[in-house]
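Residue numbers (the numbering used here): 1 to 138.
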């Protein structure tokens with residue numbers, strides 16, 4: 001819309017401005033120096049391995065009602081020496097009852113062999129959100 005509609009503007013990542021040939025009018029528009037805004041870019045292509053990647057997944061464990069289900073899942077990452085950088089849980093309710101979704105960020109690319117070994121053990125439980133180059137603040 002910012003390209004087509006006269007007098008309009010967009011708050012976006014630098015890469016989006018470059019992709020659409022938008023002029024950057026202002027940078028660092030935050031009101032506090034320690035604020036960080038992350039932009040999500042939805043695409044129909046996969047990023048290649050950069051060697052400095054991070055991956056985001058959603059996990060819904062089949063055995064989530066059993067004690068230790070999450071720790072058993074996470075131990076697979078530990079065994080492969082994959083460092084987690086974030087884990088959040090969100091309650092969910094579906095036809096199988098009450099449970100949790102887990103949002104997990106970790107270092108590495110989805111195409112890395114050790115990550116494939118972990119995720120292949122949990123077929124049907126993991127939704128890959130994306131692999132991308134880590135940001136400067138990570």
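Every residue, glycine too, gets a C-beta built ideally from N, C-alpha and C.
Query: Segment contact, 8 Å Cβ cut-off, at least three pairs: the stretch 27-39 with the stretch 108-127; Result: no
Query: Coarse secondary structure for residue 36, derived from DSSP in three states; Result: coil
Query: Alpha helix (DSSP H) runs contained entirely in the stretch 59-117, provided each spans 4 or more residues; Result: 69-79
Query: Burial state of residue 54 (16 or more Cβ within 10 Å); Result: buried
Query: Segment contact, 8 Å Cβ cut-off, at least three pairs: the stretch 100-110 with the stretch 8-27; Result: no
Query: Same chain, Cβ closer than 6 Å to residue 48, neighbours up to 5 away in sequence not counted; Result: none
Query: Whether residue 82 touches residue 108 by CB criterion (8 Å); Result: yes
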